[in-house]
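Notes follow once the structure below has been shown.
In this note's numbering, the protein residues as written are 2 to 171.
Spelled out as structure tokens, the structure:
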């Protein structure tokens with residue numbers, strides 16, 4: 002006697018797939034995800050290989066072409082001292098893709114540490130840390146960033162720490 006098969010092989014494959022695989026396959030069917038992924042991959046490619054393909058040196062100035070509108074030669078135009086804006090955007094993507102994840106990581110670690118500190122040591126420690134954070138959040142982030150950059154300089158480390166500290170209490 003032969004047994005009757007109640008499920009198809011395709012149903013067996015679906016049962017064996019993990020929930021993470023289900024999420025992955027549903028994301029691959031989403032057009033918005035694919036468009037977003039293409040944009041992110043474009044900027045990552047610009048960060049990795051952009052310096053090889055930019056038409057002009059991003060630091061070279063040309064006073065004659067200052068504030069030129071977008072054209073065939075300068076796709077995004079030029080700035081006040083004649084630097085090509087397109088070249089600066091492409092080359093600057095490397096700094097953005099370095100600073101953003103590190104600042105996010107710093108903010109997450111600092112915010113988690115502050116939350117754990119105030120949660121573990123209740124009472125006076127919670128009150129003091131809460132008042133300090135409330136005073137810090139009352140100051141606009143742009144002013145804090147400008148003050149920190151004037152005091153500490155314009156290094157990537159300074160930018161990462163300032164952005165991280167600005168977003169840690171949130």
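All C-beta atoms, glycine included, are put in the ideal place defined by N, C-alpha and C.
Which of helix, strand or coil does DSSP assign to residue 155?
coil
Would you give the residue range spanned by the alpha helix (DSSP H) that residue 197 belongs to?
Residue 197 cannot be examined here, being either before or after the span of the chain that is shown, 2 to 171.
To the nearest angstrom, report how far apart residue 27 and residue 42 are at their CA atoms.
19 Å
Can you tell me where the alpha helix (DSSP H) with residue 76 in it begins and where it stops?
Where residue 76 is concerned, there is no enclosing alpha helix (DSSP H), given that its DSSP letter is neither H nor E.
Please check the pair residue 100 and residue 160, which I expect to be a contact at CB under 8 Å, by giving their CB distance rounded to whole angstroms.
6 Å
Is DSSP giving residue 51 helix, strand or coil here?
helix
Below 8 Å on the Cβ atoms is my contact criterion, and I expect residue 67 with residue 82 to pass it. Report the Cβ-Cβ distance as a whole number of Å.
6 Å
For residue 147, three-class secondary structure by DSSP
helix
Under 8 Å between C-beta atoms, does residue 108 make it to chain C?
Included in the structure is just one protein chain, with no chain C present.
Please identify the residue among 112, 79 and 76 whose C-alpha is closest to the C-alpha of residue 169.
112
Flag this pair as yes or no: are the beta carbons of residue 121 and residue 85 separated by less than 8 Å?
no
Proximity winner among 24, 141 and 95, relative to residue 48 (alpha-carbon distances):
95
Who are the Cβ neighbours of residue 45 in its own chain at under 7 Å, not counting the five residues just before and after it?
98
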